[in-house]
Structures are given as C-alpha cells and as structure tokens.
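In the UniProt record's numbering, the protein residues as written are 1 to 124.
Where a beta carbon is used, it is the ideal one built from N, C-alpha and C, also for glycine.
For clarity, every value in this text was computed on a predicted model and none was experimentally measured.
Have a look at the structure below, then the notes.
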C-alpha cells in the first residue's frame, strides 16, 4: 500500500503528507506513553491502511522504557568530570531512562576473545 501511495504521487499531496506525518508522530507518542521504544522506525515499517491512516508495524526490536532514574554508568555521583562540550557529568547522567539499557550488548568476535588467541590467519 505504501509503495502504491508513493508511486501515485504522494509527495504532490502536501496536506496528505503532513496528515500522515502527524499520524506517525501521534503513534510514536502513544507507544512511548505505553512505555515502548520502537527502535526500528523506517519507511518499510510504516503502513497506510484502507482508510488512509498510518499504522506502525514491526515491533520485533522494540523494548520497554525504564521508568526509574539512572546515573551515568561507571561515574560515581560525587565525581564531577566534564565532557568535550564542557557539560559537567553531574548534569549529563541524571536521567538516561530513555537511552539507558537500549541497544545490543557488547559483542566480541570469537576469534578475538582471550580464550582463543592461537587463531592463525592466512592470505585467504
């Protein structure tokens, strides 16, 4: 349905584009209010139904928002360092609930792990 809308000149219908965009934003606001972060929002995951309304799909990578307040990981509350922008760390890590614990855990390829240092590589 989306490809048909684009192929039929959706970009020419300015009012419709803004209405659909507003529906995407309203949908995101709704899922955020429910404590969900989509994490994979892109055009192929935005659908237009038969009534010309937006539906957000593919919640396979979605996660929940952590509602508690966190401080920056590894930085004690009493340590006040600054980043490149000059902002004290005490202001940086006060509320990272929307970004903390989201994403892929650290990954090390097996051939780089400490337990497998004898791996030899050749020209291939």
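For secondary structure counted as the beta strand (DSSP E) over 3 or more consecutive residues, the stretch 36-65 holds these complete runs in sequence order: 46-48 and 54-56. Between the C-alpha atoms of residue 29 and residue 23 there is a straight-line separation of about 10 Å. Here the C-alpha atom of residue 34 lies approximately 25 Å from the C-alpha atom of residue 51. Within the model, the alpha-carbon separation for residue 25 versus residue 66 is close to 21 Å. By alpha-carbon distance to residue 36, the top candidate from 58, 11, 9 and 13 is 58. Judged by DSSP secondary structure, residue 33 falls within the alpha helix (DSSP H) whose first and last residues are 14-33. A distance below 6 Å between beta-carbons, with the five flanking residues on each side excluded, links residue 61 to the following residues of its chain, in chain order: 39 and 40. Cβ contact annotation for residue 17 (same chain, cutoff 8 Å, sequence separation greater than five): 10 and 11, in chain order.
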